[in-house]
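Numbering-wise (the numbering used here), the sequence shown opens with residue 4 and increments by one. Every residue, glycine too, gets a C-beta built ideally from N, C-alpha and C. Owing to the predicted nature of the structure, the values given are computational and were not obtained by experimental measurement. Since the structure comes first, as structure tokens, the remarks are kept for the end.
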Amino acid sequence: MGRRWPALEILAIDLKEAYRFPIPELLAFLYAFFPLTFSPMVLTLTAGLEEARLLLIMSLSSGMVSFITIVLILKNISYGLANEVRKGLIQTYLTYPVRREALFLVKLVSGILIPAAYVALSIGVFTALNFPDLALKHLDVLIVGLLALLADVLLPASLMLLAAVVVRRGGASLAIGIALWFALGVVSSMLLVIGNLTGWENVVHAYYLLSPLEALLVHYGAIGLGPIMPGGGKPELWHCHAYLIGNYAIALAFYSLALIYFVRRFEPV
Numbered sequence: 004m005g006r007r008w009p010a011l012e013i014l015a016i017d018l019k020e021a022y023r024f025p026i027p028e029l030l031a032f033l034y035a036f037f038p039l040t041f042s043p044m045v046l047t048l049t050a051g052l053e054e055a056r057l058l059l060i061m062s063l064s065s066g067m068v069s070f071i072t073i074v075l076i077l078k079n080i081s082y083g084l085a086n087e088v089r090k091g092l093i094q095t096y097l098t099y100p101v102r103r104e105a106l107f108l109v110k111l112v113s114g115i116l117i118p119a120a121y122v123a124l125s126i127g128v129f130t131a132l133n134f135p136d137l138a139l140k141h142l143d144v145l146i147v148g149l150l151a152l153l154a155d156v157l158l159p160a161s162l163m164l165l166a167a168v169v170v171r172r173g174g175a176s177l178a179i180g181i182a183l184w185f186a187l188g189v190v191s192s193m194l195l196v197i198g199n200l201t202g203w204e205n206v207v208h209a210y211y212l213l214s215p216l217e218a219l220l221v222h223y224g225a226i227g228l229g230p231i232m233p234g235g236g237k238p239e240l241w242h243c244h245a246y247l248i249g250n251y252a253i254a255l256a257f258y259s260l261a262l263i264y265f266v267r268r269f270e271p272v
């Protein structure tokens, strides 16, 4: 496999290092435990539209799961990638008969996409097991809600990856990654406050672009969440889909910048 599929060999090495015992077992426990802690709370959600209940259930059960996932990505990407440069692993990988694009994809899969898959699996299984009728009846809302939850992970992860390939030093990359994560939260909070106070349309759009799940919650009538649209209206469903697509487009742009830098400028010295 190593000679014919060097990228798969590198991926196997990455997964072995990043998810050695007891990390997978601990993650499986945490991703199952934290949603279950919210079971008593979500069982009390009986008012409102079924779609709003489903989204609130997913949102409440995902809080700690998303936090753990971001921490895992900080470990794998912000610190781990730079640490591999220091140890000479990246230099070794670049001697393999593998394109830089393939090596970048390996790091993306092992460092970001697998942790993101943990989020989708955890919330999806929790919702399906505890509210099967609701999940099946509104499967489209479940899928869009999962995509919106993943957006909260994939966007900051794209910034962390870009910072990691540019900085290449573990401590500095980790600090910048954490700062970018908090900066996104601060910007989102500021947009929420300004949007509520002023009702400026562009600010409201920008807030929902960074928080597509909030747009879905407001659209389906979850009370007290997010700024309303100018004129007292709520975002239409197509608005919500546009915010979600826009969020992924922004994340994809940062991933593309990281890929371009990794292919053309990245020198692991």
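Where residue i and residue j are concerned, what is the direct C-alpha to C-alpha distance, given to the nearest angstrom?
{"i": "L260", "j": "D136", "result": "42 Å"}
{"i": "S113", "j": "L14", "result": "7 Å"}
{"i": "T201", "j": "G148", "result": "28 Å"}
{"i": "L216", "j": "W203", "result": "20 Å"}
{"i": "N86", "j": "R171", "result": "8 Å"}
{"i": "L124", "j": "L97", "result": "33 Å"}
{"i": "T130", "j": "L150", "result": "14 Å"}
{"i": "V206", "j": "I197", "result": "7 Å"}
{"i": "Q94", "j": "V88", "result": "7 Å"}
{"i": "W241", "j": "L255", "result": "21 Å"}
{"i": "E239", "j": "V101", "result": "46 Å"}
{"i": "V168", "j": "S161", "result": "11 Å"}
{"i": "V266", "j": "L84", "result": "15 Å"}
{"i": "G174", "j": "K140", "result": "47 Å"}
{"i": "P118", "j": "F257", "result": "18 Å"}
{"i": "F185", "j": "S81", "result": "14 Å"}
{"i": "A138", "j": "V156", "result": "22 Å"}
{"i": "V109", "j": "L92", "result": "14 Å"}
{"i": "A209", "j": "P159", "result": "16 Å"}
{"i": "S62", "j": "L152", "result": "8 Å"}
{"i": "L29", "j": "F70", "result": "15 Å"}
{"i": "P9", "j": "K19", "result": "15 Å"}
{"i": "L52", "j": "L165", "result": "40 Å"}
{"i": "A31", "j": "R23", "result": "13 Å"}
{"i": "V189", "j": "A252", "result": "21 Å"}
{"i": "A120", "j": "V74", "result": "15 Å"}
{"i": "L142", "j": "F134", "result": "12 Å"}
List the endpoints of the continuous alpha helix (DSSP H) containing residue i.
{"i": "A225", "result": "No alpha helix (DSSP H) contains A225, which DSSP labels as neither H nor E."}
{"i": "E20", "result": "P9 to A21"}
{"i": "F257", "result": "L240 to R267"}
{"i": "I73", "result": "E53 to I76"}
{"i": "Y210", "result": "E204 to L213"}
{"i": "N133", "result": "I117 to N133"}
{"i": "G198", "result": "G173 to T201"}
{"i": "F107", "result": "R103 to L111"}
I believe residue i touches residue j by the beta-carbon criterion, under 8 Å. Please report the beta-carbon distance rounded to the nearest angstrom.
{"i": "E2", "j": "Y223", "result": "Coverage of the chain is limited to positions 4 through 272, which leaves residue 2 absent and any answer about it impossible."}
{"i": "L57", "j": "L145", "result": "6 Å"}
{"i": "F107", "j": "L262", "result": "5 Å"}
{"i": "T72", "j": "V122", "result": "5 Å"}
{"i": "N250", "j": "L212", "result": "6 Å"}
{"i": "S65", "j": "I115", "result": "So it is not a contact: roughly 17 Å between Cβ atoms."}
{"i": "L183", "j": "M163", "result": "6 Å"}
{"i": "V68", "j": "P38", "result": "7 Å"}
{"i": "L77", "j": "G180", "result": "5 Å"}
{"i": "L59", "j": "A225", "result": "6 Å"}
{"i": "N79", "j": "A21", "result": "6 Å"}
Quick check on residue i: does DSSP put it in helix, strand or coil?
{"i": "T98", "result": "coil"}
{"i": "M4", "result": "Low local confidence applies: a pLDDT of 46 at M4 is under 50, so the model's placement there is unreliable, and no value is given."}
{"i": "K237", "result": "coil"}
{"i": "G280", "result": "In the structure as shown, the chain starts at 4 and stops at 272, and residue 280 therefore has no counterpart that could be examined."}
{"i": "G91", "result": "coil"}
{"i": "P25", "result": "coil"}
{"i": "E270", "result": "coil"}
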